[in-house]
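Below you'll find the structure, written out as structure tokens, and then a few comments.
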Amino acid sequence: MPIPLRLVELLCAHVENHGVGPDGRFFRGLHGGPLSESVYDRWWKLAREKALTESQVASPLVRRPYDLRHAAASLWLNAGVPPTEVARRLGHGVAVLLRVYANCIDGGDDTMNDKIADALG
737 MPIPLRLVEL
747 LCAHVENHGV
757 GPDGRFFRGL
767 HGGPLSESVY
777 DRWWKLAREK
787 ALTESQVASP
797 LVRRPYDLRH
807 AAASLWLNAG
817 VPPTEVARRL
827 GHGVAVLLRV
837 YANCIDGGDD
847 TMNDKIADAL
857 G
């Protein structure tokens, strides 16, 4: 899976600062094993509150870590990555991408209206 250089830099910095667990985990409990579900959930909620607006926190947006998959699909589609490439990276066909993930796109109304207005001349 190709990832952006900036993400590689962040992950390398994390490993340099914190190392990895004996099994290669980036994030681990006090004794090197997996984080407990309650710890993971608590940190996930705190991170979500820090990263999102108040209205986004009230929404289902990235309510669970798995929802990052939806957020990634939204980000990539909003960034103009062709749906065929987004679907390939998610391991789906375009029909599944549009049925499952396209409804997760958050914001961008002004940009879309500008594109439509430009197309109308």
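Residue numbers (our numbering): 737 to 857.
Each residue gets a CB set at the ideal place from its N, CA and C atoms; glycine is no exception.
Asked                                                                                                          : Found
Buried or exposed (CB count within 10 angstroms, at least 16 for buried), residue 832                          : exposed
Contact check, residue 823 vs residue 830, beta carbons under 8 Å                                              : yes
Classification of residue 856 by the beta-carbon crowding that lies within 10 angstroms, buried from 16 upward : exposed
Beta-carbon proximity check, residue 793 vs residue 800, cutoff 8 Å                                            : no
Presumed contact (8 Å Cβ cut-off) between residue 768 and residue 757, rounded CB distance                     : 5 Å
Buried versus exposed call for residue 798 [16 or more other C-beta atoms within 10 Å across all chains shown] : buried
Nearest neighbour of residue 808, chosen from 764, 776, 825 [CA to CA]                                         : 825
DSSP three-state assignment for residue 796, whether helix, strand or coil                                     : coil
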